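As given, the protein sequences belong to chains R and S, one line each in that order. FYI, in full-length UniProt numbering the residues of the first sequence are 1 to 332. FYI, in full-length UniProt numbering the residues of the second sequence are 1 to 332. Cβ coordinates follow ideal geometry from the N, Cα and C atoms, glycine included. Everything numeric in this text was worked out from a predicted model, so none of it was measured.
There are 2 protein chains.
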Amino acid sequence: MKTKQIVLASRPKGSPTLDNFRLETVDVAQIKDGEVLLEGIYYSVDPYMRGRMNDTKSYTPPFDIDQPIQGGVIAKVLESKSDKLKTGDIVLGMLPWKEKDIASEKNLKKIDTSVAPVSYYLGVLGMTGLTAYFGLMNICKPKSGETVVISGAAGAVGVVVGQIAKIQGCRVIGIAGSDEKTKSLKTEFGFDETINYKTTKDMKQAIAALCPKGVDIYFDNVGGEISDAVIANINFNARIALCGQIALYNSTEIPVGPRLQPMLLTRSVLMQGFIVSNFQNEFPEGFKHLAEWVKDGKIKFTETIENGFDQLPKALLGLFKGENMGKMIVKA
Amino acid sequence: MKTKQIVLASRPKGSPTLDNFRLETVDVAQIKDGEVLLEGIYYSVDPYMRGRMNDTKSYTPPFDIDQPIQGGVIAKVLESKSDKLKTGDIVLGMLPWKEKDIASEKNLKKIDTSVAPVSYYLGVLGMTGLTAYFGLMNICKPKSGETVVISGAAGAVGVVVGQIAKIQGCRVIGIAGSDEKTKSLKTEFGFDETINYKTTKDMKQAIAALCPKGVDIYFDNVGGEISDAVIANINFNARIALCGQIALYNSTEIPVGPRLQPMLLTRSVLMQGFIVSNFQNEFPEGFKHLAEWVKDGKIKFTETIENGFDQLPKALLGLFKGENMGKMIVKA
């Protein structure tokens with residue numbers, strides 16, 4: 001049996017291009033005891049994947065050259081030599097970008113398809129939602145009446161953070177990169193105010209105008225000059241969760257900016273970088289809250305779905321151009 | 001009755017000079033019920049005072065032009081109309097730089113002179129010691145075997161932080177600005193390793209060499225390029241306490257440097273600015289530990305004492321030239 005796969009052909013210098021990927025056809029291995037044959041349905045593309053394309057130390061190891069890209073995948077069991085999984089089951093795993101693959105039952109989680117659309121397990125009910133939940137609740141510790149600013153607010157994580165912050169009684173300001181996105185954040189997702197950073201000349205002033213009492217919580221997916229503008233308005237005892245720095249991922253030099261420490265010092269600000277796996281022991285609790293909120297309609301979710309396995313590299317590159325509203329997914 | 005006082009004559013642009021201060025002779029007010037007449041013994045000079053010379057929002061309000069500088073003072077009661085304090089008592093207060101002054105009993109704390117030299121209440125048993133204690137214990141949460149780097153290690157706070165870290169079983173590396181200071185940190189205060197930043201060409205490499213397992217805790221009194229070098233060696237899940245930024249206090253422009261967020265993000269690092277009063281409710285507990293450690297000889301303290309009330313401005317300026325080992329104090 002043959003399958004398509006997408007491998008890392010070369011490491012990007014600066015912004016990645018389609019040339020950094022290669023589509024191949026290879027043999028599928030023989031299935032052994034404890035394993036299943038899978039066919040991918042939904043493939044997650046995420047900003048953190050850019051970091052794994054570099055050959056540098058980070059919280060996840062780099063992708064290897066000539067080896068398939070890996071990520072979150074929802075797949076269907078076509079054949080099983082596992083006692084735990086049967087043909088037709090829908091599973092979630094960190095899997096290679098292959099149309100078909102053999103995987104061990106140990107690396108797969110069976111999905112309850114009655115709770116929500118299965119793609120949600122890559123998003124609001126998966127790593128994305130848990131990232132939003134723990135970054136906001138455990139690091140930022142929102143209190144009712146506080147002002148929360150979110151950069152990359154129309155991204156998969158941002159849109160969930162904003163809705164959880166509203167549930168906690170906060171005032172929520174979202175920063176995004178198009179009028180379509182900012183409009184959607186207000187009308188569909190209940191954000192109080194929004195800023196289109198692409199059409200705003202003085203971001204520092206724009207944030208000051210929308211946050212007359214200052215910024216108590218900054219959930220940062222973006223970094224760079226947007227963050228400079230938010231931090232210039234930061235309050236005493238504020239909390240900043242560093243979830244992503246998408247504005248800087250394609251930098252070829254070490255980015256330079258105003259030094260943060262004097263501001264963080266004089267205003268007693270906390271800044272915490274994190275990755276969702278830091279909160280692994282609390283995943284069940286986070287999932288429980290997210291599932292309830294989704295079920296009760298308190299959290300809405302949104303996806304940008306590209307069709308066709310071959311579109312995976314293009315969809316990933318699209319993240320860095322802000323082509324997604326909410327979670328970016330490829331449907332095989 | 002007349003007294004000398006030192007007022008802020010003008011706000012400094014960049015590094016302060018003696019011209020920014022003015023020595024005056026003024027009348028002492030009449031003593032009223034609930035008040036005492038004080039004569040200053042020891043006057044604290046501290047890096048944070050530089051911030052109060054600017055007209056900018058910070059954790060403490062700016063000094064007023066033509067008004068006395070204020071700071072921690074140990075004084076003797078010369079005359080009392082208070083039921084709580086009697087002539088001869090030794091007190092601590094946030095007081096103006098005056099040789100003699102009238103003060104309300106409400107703003108004074110009587111000192112137990114049997115515990116340690118009275119000047120220690122401006123240092124290891126005062127704000128300095130509490131700053132070291134809470135910055136290290138509550139923010140950095142040291143674990144036995146971890147590597148702790150301290151900038152400004154020979155300063156009043158740094159020298160206490162290092163000794164508390166040693167009590168917690170950590171490996172302690174101190175950064176200071178002279179061979180005399182680094183030698184003293186090792187031989188007198190039990191630091192494991194030290195770096196003289198003034199004679200070290202490649203700080204990043206020097207820290208890497210002394211911290212083969214990376215930096216778990218960075219207690220930062222200094223900021224600027226020294227911090228860049230330490231943070232380049234920071235570990236996953238490290239904690240950075242921002243206690244001071246003395247390298248930047250005299251900057252006239254917003255200091256620029258490498259952006260920190262990518263490093264803090266990919267290594268799940270916490271950075272927390274603080275001021276000791278954030279931990280006000282826990283002062284009694286911190287004081288108890290510090291007093292025990294001083295009594296048991298587990299923490300040694302060191303002071304640089306300048307003689308003469310008129311020397312206060314010179315002593316303050318000396319802090320920015322690194323003229324002090326340990327706590328800088330002026331004895332009237």
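Rounded to whole angstroms, Lys298 (chain S) and Met137 (chain R) show a C-alpha spacing of 40 Å.
At least one C-beta of chain R is nearer than 8 Å to the C-beta of Gly273 (chain S). Rounded to whole angstroms, Asp179 (chain R) and Lys331 (chain R) show a C-alpha spacing of 27 Å.
Interface residue (Cβ-Cβ distance to chain R less than 8 Å): Ser15 (chain S) is not classified as such. Contact between the stretch 119-130 of chain S and the stretch 293-308 of chain S is established, with three or more Cβ pairs separated by less than 8 Å. Boundaries of the alpha helix (DSSP H) harbouring Ala229 (chain R): 224-231, taken from the DSSP string. Here DSSP, grouped into helix, strand and coil, assigns Phe274 (chain S) to coil.
Legend: CB atoms of the stretch 100-123 of chain S lying less than 8 Å from CB atoms of chain R are not found in any residue. Sixteen is the threshold: when 16 or more other Cβ atoms of the shown chains lie within 10 Å of the Cβ of Glu35 (chain S), as they do, the residue is buried.
By DSSP's assignment, Ile217 (chain S) forms a beta bridge with S:Val148, S:Arg239. Contacts between Ser227 (chain R) and chain S, judged by CB atoms closer than 8 Å, involve Gln261 in chain order. Shown here, Phe189 (chain S) sits in coil according to DSSP, grouped into three states, outside any helix or strand.
When the beta-carbon positions are compared, Lys204 (chain S) and Thr147 (chain S) stay at least 8 Å from each other.
Under the Cβ distance rule, Gln311 (chain R) does not count among the residues neighbouring chain S, no pair being separated by less than 8 Å. Within the same chain, Cβ atoms closer than 8 Å to the Cβ of Tyr121 (chain S) are found at Ile74, Leu92, Ile111, the five residues on either side in sequence being excluded.
Taking C-alpha positions only, Met328 (chain S) is separated from Ala156 (chain S) by approximately 7 Å. With a contact defined as Cβ atoms closer than 8 Å, Phe21 (chain R) and Pro313 (chain R) qualify at about 4 Å. Flagged as an interface residue toward chain S: Ile254 (chain R), by a C-beta distance shorter than 8 Å. The C-beta of Tyr218 (chain S) comes no closer than 8 Å to any C-beta of chain R. In the structure shown, Asn250 (chain S) adopts coil according to DSSP, grouped into three states. Taking the Cα of Ile139 (chain R) as reference, the smallest distance to any Cα among S:Asn281, S:Ser80, S:Ile150, S:Gln272 is reached at S:Gln272. The C-alpha of Phe287 (chain R) is placed about 21 Å away from the C-alpha of Asp89 (chain R).
Taking 3 residues as the minimum length, the beta strand (DSSP E) runs contained wholly in the stretch 260-316 of chain S are 270-273, 303-307, in order along the chain. In terms of CA proximity to Ser227 (chain S), R:Leu260 leads the group R:Leu260, R:Glu285, R:Cys170, R:Arg50. In the DSSP secondary-structure assignment, Glu35 (chain R) is bridged to R:Ser104. Of the residues assessed, Ser151 (chain R) falls on the buried side of the cut-off, its CB having 16 or more other CB atoms within 10 angstroms. Judged by DSSP in its simplified three-state form, Glu79 (chain R) adopts strand.
Neighbours of Gln245 (chain R) in chain S, taken as residues whose beta carbon is under 9 Å from its own, are Arg259, Gln261, Pro262, Leu265, Thr266 in chain order. Following the DSSP letters along the chain, one finds Gln67 (chain R) in no alpha helix (DSSP H), marked with neither H nor E.
For Asn278 (chain S), the neighbours in chain R by C-beta distance under 9 Å run, in chain order, Asn237, Ser268.
Counting only runs of 3 or more residues that sit fully inside the stretch 128-179 of chain R, the beta strand (DSSP E) segments are 147-151, 171-176, in chain order.
In the DSSP annotation of this structure, the continuous segment of the alpha helix (DSSP H) that includes Gln205 (chain R) starts and ends at 203-210. The beta-carbon of Tyr59 (chain S) is placed less than 8 Å from the nearest beta-carbon of chain R. For Arg11 (chain R), there is no enclosing alpha helix (DSSP H), as DSSP gives it neither H nor E. Residue-level contact by beta carbon holds for Leu242 (chain R) and chain S, with a gap shorter than 8 Å. In this structure Glu193 (chain S) is in contact with Ile173 (chain S), their Cβ atoms being roughly 5 Å apart against a cut-off of 8 Å.
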